[in-house]
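Engineer:
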Amino acid sequence: MHTFRRLMKIRTASAGLVMVAVLAVACTLLPPLLPYDPLEIDLHHRFLPPLSGGHVLGTDEIGRDTLVRLLAGARTSLLIGLSAMVLSTVTGCLTGGLTGFHGGWTRRVLMRIVDSVLCFPTIFLLLTLASFGQPGAPTIVGIVSLVAWMEVSRVVDGQVRALRGREFVIAVEAMGASGVHMLLRELLPNITGAIIVVSTLNVARAILMEAYVSYLGNGIQPPQPSLGAMLNDAQEYLRPDPWLAILPGLVIAIAVIGLNFVGDGLRLAVDPRQGRRA
Amino acid sequence: MTETFVSRLVRMVVTLAIVSVTGFLLLHLAPGDPLAQFALSPGMTATQLGVIRHQMGLDVPLPLQYLIWVKGLLVGDWGRSFRDHQPVLTVIFGHLGATLELAGTASLLATWVGASMGMYGAFRQGSRTDTLMTVLSVVLLSIPTFWFGLVFISLFSVRLGWLPSGNIHAVGGAFSLGDYLRHLLLPAVVLALGSTAIWSRYTRNAVAEVLGQDYIRTARAKGLSPRRIRYRHVLRNALLPMITLAGLQLPTLLSGALVTETVFTWPGIGRLFLDSLEYRDYPVAMGILMFSAVLATFGSIVTDALYAVADPRLRAGRQ
Amino acid sequence: MSRPILSVRKLAVTFAQGSGPDIPAVEGASFDVGAGETVAIVGESSSGKSVTAMALLGLLPAGAGTIVSGQALFRRDEAHEVDLLALPEREMRALRGRDISMVFQDPMTSLNPVLTIGEQIAEVLTTHDGLTRRQARATAVDLLARVGLRDPGQIVSHYPGQLSGGMRQRVMIAMALACRPRLLIADEPTTALDVTVQAQILALLRQLQAEMGMAIIFITHNIGVVAQISDRVVVMYSGQVVENAPVRDALDGPLMPYSSVLFRTVPTYDAVLARRRRLPTIPGHVPDPRHRPQGCTFHPRCAHFRPGVCDMFRPSLEAAREGHEVRCVRWQEIARG
């Protein structure tokens, strides 16, 4: 509760929270209320500009309603972001917990793997991996998590190592609790703050990566609406309808800026010492 | 010093080995067949396909393919492109120039603008401009670069007609520097946006950190002018973390270049990679992968070397 | 006493925060420093002693939140007197490092790690005395020799990281004395050093003072050091000067109860010299500057506290005798026993 109040005091963080909340509510509640389907083609009303012909944000190259498609795309993005976050957080906590707790060769192996993954430019890695699986949401979640877990792992590893030396952990160890049990019961509550920060920023990163992969044609496949894929389509129609390119970018921006503001704010709210320094 | 250098080298080789095995496996096990393009051409028989497959070296077991490839890699024969049968290194170097020009311009731009923004913010911490720039850098980092590409094209090329929307020079025209720069401007700016934000954030923190140090107070107590304190005492120290960032940015620029090259149809290495993925041109894709991995490790080694030159503490330790 | 070189009157420093109450770090501090005299300012942490020093040199963070008031008349030379608190930044800058200079507590962090010792000393000389780089470097070598560093010709081209803490503090002193200042402010210059090195640095300061004749404001919480180096002691507590006396009077017969506790385990001047003692811990805490107690700020910790008196009236600094001031309502009663 304290943390939340501190968070709300940071102007950018509260603005970010509002942005994300509005977007989330809009893409859950609004689509059923609108008289269009994201896949419904209407060749008589192509390239309608915003606020015309009953389409609030206009239509695309085959007459589909832009607003409905944006909302559907945003929903996909948010869901992908959340799923990738859950997957990468779980993986990161497990690996980071293991190496932080066990140390020694497990950490060396993990470090080598992380080093190698970091050697691939992110996009190269995403694309190679994307061509590996069936294009679609689950694949994207998988490959984004594959990149994102490392950060969580690093944070957890560091925190576990720092906590391990503290008395209460040594006390628990002496009482004979099993390693894993102890890890979860005693350590995780202490590091949730750090994990929440990284995870929030990872949702933002995942949404951004989905946009890149879909834009480059290896993500969500048409006709399913995706913000990245919509931008790819829009590139051909910059002359007749620049709105098709501008709007999906704005939606991505709202989501990712919002999440980044919340994440950066959380970093300060969770660790007030850092806040004072900044 | 020599010992750490050797262990560094070993670590680098291990990393490159992991990268090569993973990359090789991923590419070869991915669905799709490099021969698909030939299979579609009329009059192609199964026997002919078999011959091509043999020529490509795809008819031996995968581990053997890998070993053959590694052996070639070590002696400088990186294989030949499946698409046009050119040697991989020739293909890569044919595209490298365009990417280096683009990424080089962008990184100069980003370092210059970003570092200036960061310093300005750090020297005026808490001011309106500082807050604005902090928010701006989050915004820049939150929006996919290709979107800026699209918006810039639709504004400056389509709407205003000031600048070309893509390609490295006008089609059919003779080469002229002006034309080249006009083509370079938009993609370089777009590619620079993201790293400008990173540079600005990072420089601000680095300079702010130095400003809080005791020796800056000493410099003020000596009666030095603010100008002298800034340039001689603050920046000299903030330079060290900035060198680290420069090294880290090297591989990131390649990633960014890939997307920017796609938006602006810039004939660089990023687009070559995308194309070779699409056509299952394994040798070229692997070549680029290895090339960028070497670049990344190389970047971190150069960073360390520069660091050693710039930091008297390390220099002293070495003597 | 001849006319003082520095005369501080009613110095007050307040840090205003955007949210929350203001922090009065120093409240109306007044004291004099005679030419060639050493004045020790003693007190626990957050007593306002360091803030006083920083305020005199105009080194407090320049933000809108810092409010400095009062007067600090400094005699630049026989003819000119300036108010340090009212001087424009430009003139203040010309004064800093030339007429008044400062040595800080931690020599490990107070020197710039990426500039050579020579460069750091030379820039004081090129800035203030208009020396050429070559001259400045030669002078730097002389200065290093004067502060007792062996191989000064070598050390000028060393970086701080190559020197020990004691050597670095000598460098700091060389830098501070480069332009022969009339006043040196030393903010706990020996606190971060080993005991043996502490003694060497104190001896060096005394020797240099004898040679160059500058006045010293010596900020410390080490009573042993006070006895060794100072002519006069200014005791500060929660932002106020509570006692100001010649060193012998202060240590032998402190009048303010706080000073007595402060010097308690070191009853006599000679005993202090015999075994240097650290500040004894006093029960209770230094009050939070945002919520200082009513009346005498020391009353919650004072053994002579009298309800209805000490917690009602804030005592003023009064002269107990010539050159000995005390801030306590009951000092006469207490002195009588």
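As you go down the protein sequences, you meet chains W, A and Z in turn.
The numbering of the first sequence is our numbering, which starts it at 33 and goes up by one.
The numbering of the second sequence is our numbering, which starts it at 234 and goes up by one.
The numbering of the third sequence is our numbering, which starts it at 87 and goes up by one.
Note that CB positions come from ideal geometry on N, CA and C, so glycine has one too.
Since the model is a prediction, treat every value here as computed from it, not as a measurement.
Around the Cβ of Thr282/Z, are there at least 16 other Cβ atoms within 10 angstroms (buried) or fewer (exposed)?
Structural biologist: Answer is exposed; the Cβ neighbour count stays below 16.
Engineer: Which runs of the alpha helix (DSSP H) fall wholly inside the stretch 362 to 404 of chain A and span at least 4 residues, in chain order?
Structural biologist: Segments of the alpha helix (DSSP H) lying fully in the stretch 362 to 404 of chain A: 378 to 385.
Engineer: Who are the neighbours of Phe370/A on chain W, taking C-beta pairs under 8 Å?
Structural biologist: Position check: residue 370/A holds Ser in this sequence, whereas Phe was assumed. What Ser370/A touches in chain W: nothing, since even the nearest Cβ is about 10 Å away.
Engineer: To the nearest angstrom, how far is the alpha carbon of Ile42/W from that of Thr367/A?
Structural biologist: Spanning the two alpha carbons is a distance of roughly 13 Å.
Engineer: Can a CB atom of chain W be found closer than 8 Å to the CB of Phe379/A?
Structural biologist: Output row for Phe379/A: interface = yes.
Engineer: Nearest-angstrom Cα distance between Pro275/A and Leu282/A?
Structural biologist: Roughly 12 Å separates the two Cα atoms.
Engineer: Quick one: Cα of Asp266/A to Cα of Val283/W, how far?
Structural biologist: Asp266/A and Val283/W: Cα-Cα distance of roughly 37 Å.
Engineer: Which class does Leu365/Z belong to by DSSP, given the choice of helix, strand or coil?
Structural biologist: Per-residue confidence for Leu365/Z stands at a pLDDT of 45, beneath the threshold of 50, marking its modelled position as unreliable; no derived number is given.
Engineer: At a CB-CB cut-off below 7 Å, which residues of chain A make contact with Arg271/W?
Structural biologist: Chain A residues near Arg271/W: Val391.
Engineer: Given that a residue counts as buried once 16 or more other Cβ atoms are within 10 Å of its Cβ, and exposed if not, what is Phe349/Z?
Structural biologist: Per the 10 Å Cβ criterion, buried.
Engineer: Three-state secondary structure (DSSP) at Thr383/Z?
Structural biologist: Reduced to three states, the DSSP call for Thr383/Z is coil.
Engineer: Between the C-alpha atoms of Leu365/Z and Ser345/Z, what's the straight-line distance to the nearest angstrom?
Structural biologist: Caution is warranted here: a pLDDT of 45 is assigned to Leu365/Z, below 50, making its placement in the model unreliable, and no coordinate value can be reported.
Engineer: Quick check on Glu177/Z - is its C-beta less than 8 Å from some C-beta in chain A?
Structural biologist: Answer no: the Cβ-Cβ gap between Glu177/Z and chain A never drops below 8 Å.
Engineer: Specify the secondary structure class of Met322/Z as computed by DSSP and reduced to three states.
Structural biologist: It is a strand residue.
Engineer: Output yes or no for whether 8 Å exceeds the beta carbon distance between Gly427/A and Thr378/A.
Structural biologist: Yes, Cβ-Cβ distance for Gly427/A and Thr378/A is below 8 Å.
Engineer: Candidates Ala158/Z, Leu173/Z, Arg89/Z: which alpha carbon is nearest Lys96/Z's?
Structural biologist: The option with the nearest alpha carbon to Lys96/Z is Ala158/Z.
Engineer: Can you tell me where the alpha helix (DSSP H) holding Pro170/W begins and where it ends?
Structural biologist: First-last of the alpha helix (DSSP H) with Pro170/W: 169 to 196.
Engineer: Going by the beta-carbon positions, is the gap between Val119/Z and Ala98/Z smaller than 8 Å?
Structural biologist: Against a cut-off of 8 Å, the Cβ pair of Ala98/Z and Val119/Z comes out as no contact.
Engineer: Rounded C-beta distance between Ala454/A and His466/A? I'm assuming under 8 Å.
Structural biologist: The Cβ separation is near 12 Å, so there is no contact.
Engineer: Does DSSP put Glu404/Z in a helix, a strand or coil?
Structural biologist: Residue state, collapsed to three classes: strand.
Engineer: Gly456/A CB to nearest chain Z CB: under 8 Å?
Structural biologist: Output row for Gly456/A: interface = yes.
Engineer: Quick check: the stretch 227 to 242 of chain W against the stretch 280 to 300 of chain W, are at least 3 beta-carbon pairs closer than 8 Å?
Structural biologist: Yes: at least three Cβ pairs fall under 8 Å.
Engineer: Along the alpha helix (DSSP H) that carries Arg176/Z, what are the first and last residues, could you check?
Structural biologist: That run of the alpha helix (DSSP H) goes 175 to 181.
Engineer: Just mark Ile153/Z as buried or exposed, buried being the case when its beta carbon has 16 or more other beta carbons within 10 Å.
Structural biologist: The residue is exposed, with fewer than 16 neighbouring Cβ atoms inside 10 Å.
Engineer: Using the Cβ count rule (16 or more neighbours within 10 Å means buried), how would you classify His328/A?
Structural biologist: Flag for His328/A reads buried.
Engineer: Can you check whether the C-beta of Leu181/Z is within less than 8 Å of a C-beta belonging to chain A?
Structural biologist: Taking Cβ atoms only, chain A reaches closer than 8 Å to Leu181/Z, which makes this a yes.
Engineer: Quick one: what does DSSP say Gln446/A is sitting in, helix, strand or coil?
Structural biologist: If DSSP states are grouped into helix, strand and coil, Gln446/A belongs with coil.
Engineer: So if I threshold CB-CB distances at 9 Å, which residues from the stretch 445 to 471 of chain A count as touching chain Z?
Structural biologist: Per Cβ criterion, the list reads Gln446, Asp447, Tyr448, Ile449, Arg450, Thr451, Ala452, Arg453, Ala454, Lys455, Gly456, Leu457, Ser458, Pro459, Arg461, Arg465, His466, Arg469, Asn470.
Engineer: Please list, in chain order, the chain W residues whose beta carbon lies closer than 7 Å to that of Pro516/A.
Structural biologist: By Cβ distance, chain W contributes nothing, its closest Cβ being about 15 Å from Pro516/A, past 7 Å.
Engineer: Output needed in chain order: residues of the stretch 517 to 545 of chain A with a Cβ under 9 Å from some Cβ in chain Z.
Structural biologist: So the list reads Ala543, Asp544, Pro545, given in the order they occur along the chain.
Engineer: Measuring alpha carbon to alpha carbon, tell me which residue in Ile476/A, Phe271/A, Gly394/A is nearest Arg316/A.
Structural biologist: Cα-wise, what sits closest to Arg316/A is Phe271/A.
Engineer: Give the straight-line distance between the Cα atoms of Gln418/Z and Pro267/Z, rounded to the nearest whole angstrom.
Structural biologist: Distance between the alpha carbons of Gln418/Z and Pro267/Z is about 40 Å.
Engineer: Suppose you measure from the CA of Thr127/W to the CA of Leu62/W; what does that come to, to the nearest Å?
Structural biologist: Using only the alpha carbons, I get a separation of about 40 Å.
Engineer: Is the stretch 386 to 393 of chain A touching the stretch 472 to 484 of chain A in the sense that three or more CB pairs, one from each, lie closer than 8 Å?
Structural biologist: Result no; under three Cβ-Cβ pairs closer than 8 Å.
Engineer: Just list the residues that DSSP pairs His390/Z with in beta bridges.
Structural biologist: DSSP output for His390/Z lists no bridge partner at all.
Engineer: Quick check on Asp397/Z: does DSSP put it in helix, strand or coil?
Structural biologist: Three-state result, Asp397/Z: coil.
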